[in-house]
Amino acid sequence: MFSHIMLGSNDIERSKEFYDAILSVLGYSEGVIDAKGRCFYMSKESVFGITNPVNGEPMSIGNGVTIGFKASSPELVDAWHEAGLRNGGTTCEEPPGIRATPERKLYMAYLRDPFRNKICATHFMV
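Residue numbers for the sequence shown follow the numbering used here, so the first one is 271 and each next one is one higher.
Structure, rendered in structure tokens:
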């Protein structure tokens, strides 16, 4: 559904360190810094990028914005969360675990990255 997602950062190298750690748990390659200083993670389906804001202003978090990464098992969600905590992320919302509705059952974990962007890892159980 999405072609790409870009997050702002005030320190691309620090963000790259954090996202290299959590995305490697999910099987993605290390991010690549382009000529403009942006960091990109690419898959066959989409692109995830980190950039300094192009307007020159400091980055700020989007209130109500969450970016979710797919995980193939609950164990990978937990490993993703632990990697994030070890690399400067902070936990937010409920602890990692099952979130269920009558329509589906998910295993999720939430983090704030070092610049307070809200992210999650999700395993679709049903």
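Here a beta-carbon is modelled for each residue, glycine too, at the ideal position from N, C-alpha and C.
Q: Measure the CB-CB distance between Phe310 and Asn357 and report whether it falls below 8 Å.
A: No. Outside cutoff.
Q. Mind checking whether Arg369 and Phe394 have CB atoms under 8 Å apart?
A. Contact flag unset, no.
Q) In chain order, what residues of the same chain have a beta carbon less than 8 Å from the beta carbon of Glu364, not counting five sequence neighbours either side? A) Scanning its chain for C-beta atoms nearer than 8 Å, with the 5 sequence neighbours on each side dropped, one finds around Glu364 the residues Tyr380, in chain order.
Q.
Could you tell me the alpha carbon to alpha carbon distance between Glu327 and Asn280, rounded to whole angstroms?
A. In this structure, the alpha-carbon of Glu327 lies about 9 Å from that of Asn280.
Q | Selection from Ser299, Val396, Met276, Thr321 that minimises the alpha carbon distance to Ile282 | A | With distances taken between CA atoms, Ile282 lies nearest to Thr321 out of Ser299, Val396, Met276, Thr321.
Q. Hey, out of Ile275, Val302, Lys286, whose CA is closest to Glu315's CA?
A. The closest CA to that of Glu315, considering only Ile275, Val302, Lys286, is found on Ile275.
Q: Using three-state DSSP, classify Arg382 as helix, strand or coil.
A: Strand, per DSSP.
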